[in-house]
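Peer 1:
2 protein chains.
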Amino acid sequence: MKVAVLGFGTVGVGVYGMLAEAAGLEPGPVLVRPGKENEPFKVSSIEAIVNDPAVGAVAEVIGGVEPAYTYACAALRAGKHFVTSNKALVAAKGVALNKLAREQGVAFLFSAACGGGVPFLHNLALARESDEILSLGGILNGTTNYMLDAMQRLGLDYADVLADAQRLGYAEADPTADVSGLDALRKIMLACAVAYDRLPVEGLLNEGIESITAADVAHFQSRGYTCRLVVSGGKNADGGVSAYVEPVLLRVGAPECSVLENYNMARYEGKCSGSIVLMGQGAGRWPTASAVLRDLSGILRGERYMFSEACAEGAADNSGSVHGYYVRLPAALAGEFEAESVETDGEIARLVTAPLSVQAMHETVKKLRAEGASVFFAAIRQ
Amino acid sequence: MKVAVLGFGTVGVGVYGMLAEAAGLEPGPVLVRPGKENEPFKVSSIEAIVNDPAVGAVAEVIGGVEPAYTYACAALRAGKHFVTSNKALVAAKGVALNKLAREQGVAFLFSAACGGGVPFLHNLALARESDEILSLGGILNGTTNYMLDAMQRLGLDYADVLADAQRLGYAEADPTADVSGLDALRKIMLACAVAYDRLPVEGLLNEGIESITAADVAHFQSRGYTCRLVVSGGKNADGGVSAYVEPVLLRVGAPECSVLENYNMARYEGKCSGSIVLMGQGAGRWPTASAVLRDLSGILRGERYMFSEACAEGAADNSGSVHGYYVRLPAALAGEFEAESVETDGEIARLVTAPLSVQAMHETVKKLRAEGASVFFAAIRQ
Numbered sequence: 034m035k036v037a038v039l040g041f042g043t044v045g046v047g048v049y050g051m052l053a054e055a056a057g058l059e060p061g062p063v064l065v066r067p068g069k070e071n072e073p074f075k076v077s078s079i080e081a082i083v084n085d086p087a088v089g090a091v092a093e094v095i096g097g098v099e100p101a102y103t104y105a106c107a108a109l110r111a112g113k114h115f116v117t118s119n120k121a122l123v124a125a126k127g128v129a130l131n132k133l134a135r136e137q138g139v140a141f142l143f144s145a146a147c148g149g150g151v152p153f154l155h156n157l158a159l160a161r162e163s164d165e166i167l168s169l170g171g172i173l174n175g176t177t178n179y180m181l182d183a184m185q186r187l188g189l190d191y192a193d194v195l196a197d198a199q200r201l202g203y204a205e206a207d208p209t210a211d212v213s214g215l216d217a218l219r220k221i222m223l224a225c226a227v228a229y230d231r232l233p234v235e236g237l238l239n240e241g242i243e244s245i246t247a248a249d250v251a252h253f254q255s256r257g258y259t260c261r262l263v264v265s266g267g268k269n270a271d272g273g274v275s276a277y278v279e280p281v282l283l284r285v286g287a288p289e290c291s292v293l294e295n296y297n298m299a300r301y302e303g304k305c306s307g308s309i310v311l312m313g314q315g316a317g318r319w320p321t322a323s324a325v326l327r328d329l330s331g332i333l334r335g336e337r338y339m340f341s342e343a344c345a346e347g348a349a350d351n352s353g354s355v356h357g358y359y360v361r362l363p364a365a366l367a368g369e370f371e372a373e374s375v376e377t378d379g380e381i382a383r384l385v386t387a388p389l390s391v392q393a394m395h396e397t398v399k400k401l402r403a404e405g406a407s408v409f410f411a412a413i414r415q
Numbered sequence: 034m035k036v037a038v039l040g041f042g043t044v045g046v047g048v049y050g051m052l053a054e055a056a057g058l059e060p061g062p063v064l065v066r067p068g069k070e071n072e073p074f075k076v077s078s079i080e081a082i083v084n085d086p087a088v089g090a091v092a093e094v095i096g097g098v099e100p101a102y103t104y105a106c107a108a109l110r111a112g113k114h115f116v117t118s119n120k121a122l123v124a125a126k127g128v129a130l131n132k133l134a135r136e137q138g139v140a141f142l143f144s145a146a147c148g149g150g151v152p153f154l155h156n157l158a159l160a161r162e163s164d165e166i167l168s169l170g171g172i173l174n175g176t177t178n179y180m181l182d183a184m185q186r187l188g189l190d191y192a193d194v195l196a197d198a199q200r201l202g203y204a205e206a207d208p209t210a211d212v213s214g215l216d217a218l219r220k221i222m223l224a225c226a227v228a229y230d231r232l233p234v235e236g237l238l239n240e241g242i243e244s245i246t247a248a249d250v251a252h253f254q255s256r257g258y259t260c261r262l263v264v265s266g267g268k269n270a271d272g273g274v275s276a277y278v279e280p281v282l283l284r285v286g287a288p289e290c291s292v293l294e295n296y297n298m299a300r301y302e303g304k305c306s307g308s309i310v311l312m313g314q315g316a317g318r319w320p321t322a323s324a325v326l327r328d329l330s331g332i333l334r335g336e337r338y339m340f341s342e343a344c345a346e347g348a349a350d351n352s353g354s355v356h357g358y359y360v361r362l363p364a365a366l367a368g369e370f371e372a373e374s375v376e377t378d379g380e381i382a383r384l385v386t387a388p389l390s391v392q393a394m395h396e397t398v399k400k401l402r403a404e405g406a407s408v409f410f411a412a413i414r415q
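Heads up: the protein sequence lines correspond to chains A and B, in order. Convert by adding 33 to the 1-based position in the first sequence; the result is the number in the working numbering. Convert by adding 33 to the 1-based position in the second sequence; the result is the number in the working numbering.
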């Protein structure tokens, strides 16, 4: 099967290179910006690709919603299988693309959009056919994992590890999507849609790591905890879904603690299978390209969709998920939470809350921050 | 698709139960021993199953080479897809069954035969289509992992943890296949065949955990190591494959160290994907049944084979795999190894060897044991 590649950046170069070696696949034309067609296989017109009868599949690795969505629709309407690494595209337009692909009888797969090289969505889509997915989650952002791991292991402060991550290429010049948890949130949106037929686009909660300090890390490290930015999703008793991102404190020995540097770890809990954990590199040219290629090989084996026919957009409800939290905040505000323990050090209080809902926790901190308070919090998992 | 189940023991009951709930699948007749047909869905004749045109697939969970092989051939010749959890069957007859299934144009899948609920072979088979698998391995025997974990965490001796494991149902009355490493070896045979088109049936090496003592565990625990029974496979420079099982000492923080109790961890290193790690329950009714069901759902998605058309039996060559080893042996025999360090405690010596090949290590210890020496060894991974 001849595969056209949309985009020739970091991942696109990897996909193009792997296509030449893969069984049953061959590289087709590559879409680049006008003026960049400096080699015979490069074209700058999407029409040249979708009108080429030799092209059987299109792999999109441009990123962003547009023009990727327009290109995706054109490829699907022309009867080409469509594979993408673009989480922003699938989070925004996945339901519509799934519908169009099914109408056209061609594949719509996006392994690389969640977990990079880690084959999470593929296994989740297969598992849900015969098992009930009770919950899912993990560490799905390599940038913040690198930063938290370096803060813990090297004792560095936030600004220093962010600068290191940027120098190493793990963080972008504008790191907001990573450090705010938005990137991880998009991935759990996709996982919920695969597992529960519901792509949550409202009611989502994401707390990132922008507020963490070296003193926070030293505090919970001395108590035997490791901090990771963890995504969580699950099916609520009423049939709705939960979906949120927040820092979590884990006991040494938890699988999440062995996720070092910029690695990813994804997990699902099947009613029959029990907990299934997958780890690997969540980003980078070759790991991400390998996920795109696995999807393309999957098409040759008959794989077609990750979202079911019933998959629709909906709202998340995080009011039923309850944890105890570690909170660091101005001592004067310690009374905002029902605390199981409080330690005060000058003007700073560090407390462990009684169990409260994710919804209540995120909303309370949002309110305190709006009033100017500096707050860090993390869920505690025993 | 109606699925017949061969065997109604621990796993068979699980498979039958899951079939009633799974999308696109339904339970068919179940093969039991003559005289055990105490419910309408049970039959005692394989002919009643293979001659039933309503049966689309057969799931075999009896175990052992015969009569499973005879039943498998009958099912495939009748044009039924064939799924099995039986590692002894696939290790002994997998190449022949793969050939027959391909001739008949039906599926031959066996996820549950390696890693229980962990979807290792499925992902390996998919990854190898587009990536080069540099190495593979992991912890594929839950019984020995439970025992090593309990020895390390509770300080128990071998005989006590074995008795505990038997009481909990993690070890069989005759635990030989597990504690000798043979069970794990069969799984790495299958993984090599999936990754490298070579089912190694000669040249294999397996060292189990029968020789380990509480004193050994205390010794390497005090030096920051955790012991696990690890399977290893890989492609040699000359195109051959390595395949062996041995105890390995790992530094705290290695993913293997977070594999607790009777869990399994499988790993492959793709040239492009990098290291991909999968963890989950390697045995038990529901995890194993969930793997059988995933294969059946995979058939609905178009999946057919784990072994390629070229897959053939061959020999393993472990002379090119080189490690340093921890060895505990009678002090009088310490000179048998080129040592980087030796500690002697009365009549016992504990040494760390200079790097030597797996082949040389296993052969030397075999010779010493033939002469009556008590020896334990484990590869050291930094």
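Glycine is no exception: its CB is placed at the ideal position from the N, C-alpha and C atoms.
Helix, strand or coil for A134/A per DSSP?
Peer 2: Note: A134/A maps to helix in three-state DSSP.
Peer 1: What does DSSP give as the partner residues of T103/A in its beta bridges?
Peer 2: In the DSSP output, where bridge partners are listed per residue, T103/A has none listed.
Peer 1: So, under 8 Å CB-CB, L169/B and L157/B are touching, yes? Tell me the CB distance rounded to an integer number of Å.
Peer 2: Indeed, because the Cβ distance is near 7 Å, the residues count as touching under 8 Å.
Peer 1: From R284/B to V292/B, what distance separates their C-alpha atoms?
Peer 2: Their backbone Cα atoms lie some 13 Å apart in a straight line.
Peer 1: Pairing CB atoms from the stretch 298–313 of chain B with CB atoms from the stretch 120–132 of chain B, are three or more of them under 8 Å?
Peer 2: Result no; under three Cβ-Cβ pairs closer than 8 Å.
Peer 1: Name, going along the chain, the residues of the stretch 303–323 of chain B whose beta-carbon falls closer than 7 Å to a beta-carbon of chain A.
Peer 2: Within the stretch 303–323 of chain B, the residues whose Cβ lies closer than 7 Å to some Cβ of chain A are G303, C305, S306, G307, S308, I309, V310, L311, M312, G313, Q314, W319, P320, A322, S323, listed in chain order.
Peer 1: Among residues of its own chain, excluding the 5 on either side of H252/B, which ones have a beta-carbon nearer than 7 Å to its beta-carbon?
Peer 2: So the qualifying residues of the chain are R383.
Peer 1: Measuring only between beta-carbons, confirm whether E294/B sits less than 9 Å from chain A.
Peer 2: It does not; no Cβ of chain A falls within 9 Å.
Peer 1: Measure the Cβ-Cβ separation of N227/A and L154/A and say whether it is below 9 Å.
Peer 2: Just to set this straight, residue 227/A is Val in the shown sequence, not Asn. In this structure, L154/A lies closer than 9 Å to V227/A by Cβ.
Peer 1: Short of 6 Å in beta carbon distance, which residues of its chain neighbour V38/A, apart from the five on each side in sequence? Order them along the chain.
Peer 2: Once the five neighbours on either side are set aside, the close Cβ partners of V38/A are G45, V48, Y49, V63, A92.
Peer 1: Go to C225/B, then tell me how far its alpha helix (DSSP H) extends in each direction, as first and last residue.
Peer 2: Looking at the DSSP string, the run of the alpha helix (DSSP H) that includes C225/B is 215–229.
Peer 1: Looking at V264/B and L218/B, is the spacing between their C-beta atoms short of 9 Å?
Peer 2: Yes, the Cβ-Cβ distance between L218/B and V264/B is below 9 Å.
Peer 1: With a threshold of 8 Å (Cβ to nearest heavy atom), would G202/B be considered close to the ligand SAM?
Peer 2: Judged by which ligands are present, the structure shown has none, so any question about the ligand SAM falls away.
Peer 1: Beta-carbon of M423/A versus every beta-carbon of chain B: anything under 9 Å?
Peer 2: Any question about residue 423/A goes unanswered here, given that chain A covers just 34 to 415.
Peer 1: Quick one: residues in its chain with C-beta nearer than 7 Å to the C-beta of D350/A, no 5 flanking neighbours on either side, listed in chain order?
Peer 2: If we look at D350/A and ignore the five residues flanking it on each side, its Cβ neighbours are G236, N269, G273, S275.
Peer 1: When Cβ atoms are compared, which residues of the stretch 273–290 of chain A fall closer than 8 Å to chain B?
Peer 2: Cβ contacts with chain B: G286, A287, P288, C290.
Peer 1: For a cutoff of 9 Å on Cβ pairs, would you count N174/B as touching chain A?
Peer 2: It does not: the Cβ of N174/B has no partner Cβ on chain A nearer than 9 Å.
Peer 1: Using a C-beta to C-beta distance shorter than 9 Å, which residues of chain B count as neighbours of N156/A?
Peer 2: Going along chain B in sequence order, the residues near N156/A (Cβ under 9 Å) are P152, H155, N156, L311, R327.
Peer 1: Within the continuous alpha helix (DSSP H) that includes P320/A, where are the two ends?
Peer 2: Residues 318–333.
Peer 1: Taking all protein chains shown into account, do 16 or more other C-beta atoms lie within 10 angstroms of the C-beta of R66/A, making it buried, or fewer, making it exposed?
Peer 2: It is exposed - the Cβ of R66/A has fewer than 16 other Cβ atoms within 10 Å.
Peer 1: Within 9 Å of any Cβ in chain A, is that where the Cβ of E336/B sits?
Peer 2: Taking Cβ atoms only, chain A reaches closer than 9 Å to E336/B, which makes this a yes.
Peer 1: Report, in whole angstroms, the separation of the C-beta atoms of G267/A and E240/A, which I expect to be a contact under 8 Å.
Peer 2: Wrong, their Cβ atoms sit about 17 Å apart, outside the cutoff.
Peer 1: Report the CB separation of F409/A from R361/A in whole angstroms; it is logged as a contact under 8 Å.
Peer 2: Indeed they touch by this definition, with Cβ atoms about 5 Å apart.
Peer 1: Measuring only the C-alpha atoms, how far is V88/A from P320/A?
Peer 2: Computed Cα separation, rounded: 24 Å.
Peer 1: Measuring only the C-alpha atoms, how far is I172/A from L262/A?
Peer 2: Going by the C-alpha atoms only, they are around 6 Å apart.
Peer 1: Tell me which same chain residues have a C-beta within less than 6 Å of the C-beta of V234/B, skipping the five on either side of it?
Peer 2: Closer than 6 Å at the Cβ level, and outside the excluded window around V234/B, lie E346.
Peer 1: Along chain A, in chain order, which residues have C-beta atoms closer than 7 Å to that of A160/B?
Peer 2: Ordered by position in chain A, the residues that pass the 7 Å Cβ test against A160/B are R327.
Peer 1: Where do the N-terminal and C-terminal ends of the alpha helix (DSSP H) with V194/A fall, by residue?
Peer 2: Where V194/A is concerned, the enclosing alpha helix (DSSP H) stretches over 191–200.
Peer 1: Which residue comes first and which comes last in the alpha helix (DSSP H) that contains T43/B?
Peer 2: Run containing T43/B: 43–52, per the alpha helix (DSSP H) assignment.
Peer 1: What residues in its chain sit with their C-beta under 8 Å from that of E380/A, if we drop five residues either side in the sequence?
Peer 2: If we look at E380/A and ignore the five residues flanking it on each side, its Cβ neighbours are P363, A364, A365.
Peer 1: Within 10 angstroms of the Cβ of K399/B, are there 16 or more other Cβ atoms? Answer buried if so, exposed if not.
Peer 2: So K399/B counts as exposed.
Peer 1: Under the rule that 16 or more other beta-carbon atoms within 10 Å means buried, what is N73/A, buried or exposed?
Peer 2: A quick correction: the sequence has Pro, not Asn, at residue 73/A. Classification of P73/A: exposed, given that the 10 Å Cβ count is below 16.
Peer 1: Can you list the residues of chain A that S163/B reaches, using a CB-CB cut of under 8 Å?
Peer 2: Going along chain A in sequence order, the residues near S163/B (Cβ under 8 Å) are M51, E54, A55, A56, L58, S323, L326, R327, L329, S330.
Peer 1: Under a three-way DSSP split, which group does E162/A fall into?
Peer 2: E162/A falls in the helix class under three-state DSSP.
Peer 1: By Cβ distance below 6 Å, which residues in the same chain neighbour K75/B in space, the five residues on each side in sequence not counted?
Peer 2: V63, V65, listed in sequence order.
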